[in-house]
């Protein structure tokens with residue numbers, strides 16, 4: 001059975017006349033009659049009563065007509081939807097969540113995208129930065145985020161720098177060091193250092209160690225925290241300090257302050273990149289990236305083919 005059998009049957013059922021139905025379908029009457037007979041034989045039922053005077057639907061034909069129309073309508077909707085998805089008008093877009101750090105660029109981009117593509121379902125996936133490249137490769141997310149300096153990503157990936165700032169010290173507002181206007185790494189050598197990641201080889205932990213080594217000072221005990229929200233909770237509870245990008249708006253998070261970090265040798269630059277798999281990216285990905293790009297400072301508006309130190 002093919003879709004044309006359903007269309008032929010529905011047309012005959014609407015016209016109750018093989019000649020008029022054949023004219024609508026632009027086929028010969030004998031060919032149409034044979035297609036209906038083939039359908040009846042495959043179903044094992046009589047759909048139409050035919051005589052020299054008129055054509056009528058049997059009870060089975062009336063029942064089958066309802067389902068045939070529903071099937072054809074569903075197929076037509078699926079065709080329209082597929083075309084709209086290919087054109088970037090419908091579908092879904094999964095974006096990795098990067099917590100409060102996205103507050104500076106995500107809301108406006110998301111609103112602009114939603115205004116133009118109201119039928120696209122945008123979802124956010126909680127995911128640690130080290131897991132995002134793998135998730136992009138497997139198609140589990142469409143846009144991820146990472147940080148580091150420029151260099152190569154795996155083949156098929158592209159990136160766009162969306163943030164550039166410096167690392168700062170995040171600490172409990174009642175901490176003695178919170179009274180200072182700025183801090184050095186030497187000021188926090190006795191503090192418990194909170195690192196984002198599952199273990200010591202996470203990108204955040206490696207960067208933090210590099211800062212201390214460059215300044216020639218030793219950091220205190222380290223705790224590894226999974227998830228940005230958990231990290232902020234630990235800081236607000238005075239369970240340690242962390243080095244985080246200064247662009248974070250932590251004033252809204254009760255109990256946390258950011259103090260500028262002063263270093264003589266360590267490179268405290270922080271850059272964040274949007275990352276996507278360009279060789280399989282849908283039009284929706286490019287539309288969202290374009291909206292991110294439109295909201296960036298002018299120097300950031302050149303997409304990079306890759307980046308160094310992707311998380």
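In UniProt numbering, the protein residues as written are 1 to 311. Glycine included, every Cβ here is placed at the ideal spot set by N, Cα and C.
- For residue 263, the three-state secondary structure derived from DSSP is coil.
- Put simply, the backbone Cα of residue 120 is about 38 Å away from that of residue 257.
- For residue 108 and residue 237, the gap between their C-alpha atoms comes out near 31 Å.
- With 16 or more other CB atoms across the displayed protein chains lying within 10 angstroms of its CB, residue 95 is buried.
- A direct Cα-Cα distance of roughly 18 Å separates residue 3 from residue 23.
- The three-state secondary structure of residue 14, taken from DSSP, is helix.
- Of all alpha-carbon atoms in 288, 204, 19, the one lying nearest the alpha-carbon of residue 53 is that of 19.
- Under the criterion of beta carbons closer than 8 Å, residue 157 and residue 277 qualify as touching, at roughly 6 Å.
- For residue 60, the secondary structure class from DSSP, reduced to helix, strand or coil, is helix.
- The DSSP-derived three-state label of residue 204 is helix.
- Going by beta carbons, residue 271 and residue 164 fall inside the 8 Å limit.
- Taking 8 Å as the cut-off, the Cβ atoms of residue 248 and residue 274 do not count as close.
- Non-local beta-carbon contacts of residue 14 in its own chain, meaning distances under 8 Å to residues more than five positions away in sequence, involve 21 in chain order.
- Per DSSP, residue 50 lies in no alpha helix (DSSP H); the unbroken beta strand (DSSP E) holding it starts and ends at 48 to 50.
- Distance from residue 58 to residue 47 at the Cβ level is roughly 6 Å; contact confirmed, criterion being Cβ atoms closer than 8 Å.
- Residue state for residue 182 is assigned as coil, using DSSP reduced to three classes.
- A straight line joining the alpha-carbon of residue 36 with that of residue 139 spans about 44 Å.
- Between the C-alpha atoms of residue 79 and residue 70 there is a straight-line separation of about 14 Å.
- Nearest C-alpha to residue 242 among 177, 296, 283: 177.
- Under the 10 Å beta carbon count, residue 239 is surrounded by fewer than 16 other beta carbons and is classified as exposed.
- Relative to the Cα of residue 144, the nearest Cα in the group 93, 225, 42, 6 belongs to 93.
- DSSP places residue 162 in no alpha helix (DSSP H) but in the uninterrupted beta strand (DSSP E) bounded by 157 to 172.
- Counting only residues of its own chain and dropping the five nearest sequence neighbours on each side, residue 186 has a CB closer than 6 Å to the CB of 217.
- Excluding residues up to 5 positions away in sequence, 288, 291 lie with their Cβ nearer than 6 Å to the Cβ of residue 113 in the same chain.
- Burial state of residue 74 is exposed, judged by a 10 Å Cβ sphere holding fewer than 16 other Cβ atoms.
- Excluding residues up to 5 positions away in sequence, 238 lie with their Cβ nearer than 7 Å to the Cβ of residue 175 in the same chain.
- Within the stretch 64 to 115, the runs of beta strand (DSSP E) at least 3 residues long that lie entirely inside it are, in chain order, 91 to 97.
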